[in-house]
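Note sheet for the following structure.
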Amino acid sequence: MNDKKRASKKKELAWIFHTDCDGEAVKINPSPLQHGKWLLIDASNSTSKLALSTSKRLITIRRIATSLLSPTTLALALGDWKVERVIASSVVPKATHLLASFFKSQRIPFLSIDATSQLGIPINYPDPASIGADRLANVVATTALYGTPAIVVDFGTAITFDIINAQGAYLGGIIAPGLKTGADALHEKTALLPVSLPSPIRRAVGKSTLTAIHSGLLLGARGLVQEVVTRVTKENFKNKRPCVIATGTDAKLVAQGTQLFDHINTTLTLEGLREVGCRITS
């Protein structure tokens, strides 16, 4: 391989990184040959997670920016993984179509879950087709791993709350802007506020514009969780607090130093897809 091709290959591989199954980045570049039963894909607005999985557990996770998904980057991301079936949740129609086309060309069975899939949960919602696939996967995982009643909070591009009653039925949810979405909006809609990323804070009162933004984003998210959980508990659970689970990119940041959540599981959506796999193949 000449230097130009080697540099191009290195650039392509830099788009992909591995995490362990707790969501922590561990290394760059595809790992050696691995065999799993299923490939699970969580294609969100920002990042797509690809997990090699058996019916019992997640083995390895790779991530790629959803905007960079293509047949070439998918092939690189998969490397030498050998799978029998693909189960996906996608909230990006373009990504859904690309994934379906790619795996059809590979002759690998592909399922993009929705409310008509074999989820094993009752859905008490006027328009089930409008529920995001990732939210459905989160509900499936929560009922399987933590029981009911429960509130699932997913911190991504949006902050979503999904409510499950004691009988395991999905009741509906709440959607708010995510931390980075809020940060981006402050920069884009004002003349002077800088670009910022959600970050930990030491104190509530910021001593610079950036730390003031960090404080507003983080304390705002925590306050949102407190208010939503309180209101939902009062309206649906007779003031008896249900189990509250956090997932998503910013879950650990929001949870740090608080007692807001009973469980933090950053691979919840993938666990839900694994559970769906068990249900459709049983």
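Taking the numbering used here, the leading residue of the sequence shown gets 246, the next gets one more, and so forth. Think of the CB as a built atom: it goes at the ideal place given N, C-alpha and C, for glycine as much as any other residue.
*With a floor of 4 residues, list each alpha helix (DSSP H) that falls wholly inside the segment 467-501, ordered by position along the chain.*
496-500
*Where does isoleucine 358 sit, in a helix, a strand or coil, going by DSSP?*
coil
*How would you write the range of the alpha helix (DSSP H) that proline 338 sits in, first residue to last?*
338-350
_4 or more residues per run - each alpha helix (DSSP H) lying fully within the segment 394-453_ = 424-433
_Would the segment 495-509 count as touching the segment 390-410 if we require 3 or more Cβ pairs under 8 Å?_
yes
*Between leucine 285 and serine 298, is the Cβ-Cβ spacing less than 7 Å?*
yes
*Thinking C-beta only, is aspartate 495 closer than 7 Å to leucine 424?*
yes
*Count the C-beta pairs between the segment 353-364 and the segment 326-340 that are closer than 8 Å, then say yes if the count reaches three, no if not.*
yes
*Among Val473, His459, Gly418, which residue has its Cα nearest to the Cα of leucine 498?*
His459
*Helix, strand or coil for threonine 387 per DSSP?*
helix
_Measuring straight from C-alpha to C-alpha, what distance separates leucine 437 and threonine 454?_
10 Å
*For valine 328, which of helix, strand or coil comes out of DSSP?*
coil
_Can you tell me whether glycine 268 is buried or exposed? The criterion is at least 16 other CB atoms within 10 Å of its CB, across all chains shown._
Unreliable positioning characterises glycine 268 in this predicted model, as indicated by a pLDDT of 47, which lies under 50. The coordinate reading is nonetheless provided below. So glycine 268 ends up on the buried side.
*Would you decide whether proline 394 is buried or exposed? Buried here means 16 or more other CB atoms lie within 10 Å of its CB.*
buried
*Do you know how far the Cα of threonine 341 is from the Cα of asparagine 410?*
30 Å
*Taking DSSP as the reference, what is the three-state secondary structure of threonine 526?*
Residue state, collapsed to three classes: helix.
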